[in-house]
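Residues -30 to -1, 1 to 170 in mature numbering (1 follows the signal peptide of the UniProt record, and there is no 0) are what the sequence shown lists, from first letter to last.
We put the CB at the ideal spot given by N, CA and C, even for glycine.
Below: the structure, in structure tokens.
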Amino acid sequence: MAHRCWYCLKRYIVPFALILMSVYSVQGQAEGVQKSESYLDIEWTDLMPKDDLDAILNPPEYLDDIVDGSVEDQLSELGQLSLPEADDSRYQQALVSSRVVEEFDGKAIRLPGFIVPLAFGSSQQEVTRFFLVPYFGACIHVPPPPPNQIIYAEFDKGFKLESLYDPFFLSGVLSTTMVEHETATAAYVIKVEKIEPYSE
């Protein structure tokens, strides 16, 4: 798992929730006639318990005082630098939370996101196992989001992923099952039934 420095937390983890709330809240309007009646359209923030979301949206003030790329930014996560305010345990817990929303267990849902390939079919060209994440670069270029914002996807049929930059809509049955991988940990699993390109 990538090292989660303070710079990364400030730059990616906090903004991603705000972005999702503003972008995916209009998801239903963007889908138009393509919306399937058999799946419940949800947002990423729906998968996070309310108190976890509240904690992430209200980070401790001391983060604003740490300069990006500074010694404090790089060392505080490793415990090499003592920060008096670093005992904000609720915020820290939310950043790595694996708590789930049980009401989605067994539900047929539809959700947009980006794909992080984990396993391929026999041809080595079709992705069969992957993480679905809320923003581009998660688990690859930047630290992963909390486990309750990562979905482990199983798609035995497989599909050819042309670009990691492309977002998709995934439809399938969601379960509240923990999956640990060297790349990241997911608090949800989806049995994928349909994959569609994301379009507004």
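Among the options, which one has its Cα closest to the Cα of residue i?
{"i": "residue 17", "options": "102, 166, 123, 74", "result": "74"}
{"i": "residue 146", "options": "79, 13, 72, 67", "result": "72"}
{"i": "residue 62", "options": "167, 90, 100, 25", "result": "25"}
{"i": "residue 21", "options": "64, 151, 77, 158", "result": "64"}
{"i": "residue 8", "options": "141, 162, 95", "result": "141"}
{"i": "residue 163", "options": "60, 68, 125", "result": "125"}
{"i": "residue 123", "options": "100, 93, 105", "result": "100"}
{"i": "residue 170", "options": "151, 136, 152", "result": "136"}
{"i": "residue 92", "options": "127, 133, 23", "result": "127"}
{"i": "residue 23", "options": "77, 118, 105", "result": "118"}
{"i": "residue 132", "options": "32, 143, 95", "result": "95"}
Could you check what DSSP says for residue i in three-state terms: helix, strand or coil?
{"i": "residue 33", "result": "helix"}
{"i": "residue 4", "result": "Note that residue 4 scores a pLDDT of 45, beneath 50, so its modelled location is shaky; the value from the coordinates is reported in the next line. In the structure shown, residue 4 sits in a helix (DSSP, three-state: H, G or I)."}
{"i": "residue 106", "result": "coil"}
{"i": "residue 115", "result": "coil"}
{"i": "residue 10", "result": "strand"}
{"i": "residue 98", "result": "strand"}
Check for me: the beta strand (DSSP E) holding residue i runs from which residue to which?
{"i": "residue 64", "result": "Note, residue 64: premise wrong, no beta strand (DSSP E); alpha helix (DSSP H) at 59 to 65."}
{"i": "residue 24", "result": "Where residue 24 is concerned, there is no enclosing beta strand (DSSP E), although the alpha helix (DSSP H) it sits in stretches over 20 to 27."}
{"i": "residue 145", "result": "137 to 145"}
{"i": "residue 126", "result": "121 to 129"}
Pop quiz: residue i and residue j are said to be a contact at Cβ under 8 Å. What is the actual Cβ separation, rounded to whole angstroms?
{"i": "residue 97", "j": "residue 87", "result": "5 Å"}
{"i": "residue 79", "j": "residue 165", "result": "The pair is not a contact, with the Cβ atoms about 13 Å apart (cut-off 8 Å)."}
{"i": "residue 168", "j": "residue 138", "result": "6 Å"}
{"i": "residue 120", "j": "residue 154", "result": "6 Å"}
If we call anything under 8 Å between Cβ atoms a contact, is residue i one with residue j?
{"i": "residue 84", "j": "residue 70", "result": "no"}
{"i": "residue 116", "j": "residue 66", "result": "yes"}
Is residue i near the ligand NAD, judged by its Cβ being under 7 Å from some heavy atom?
{"i": "residue 156", "result": "Looking for the ligand NAD in the displayed structure turns up nothing, as the structure carries no ligands at all."}
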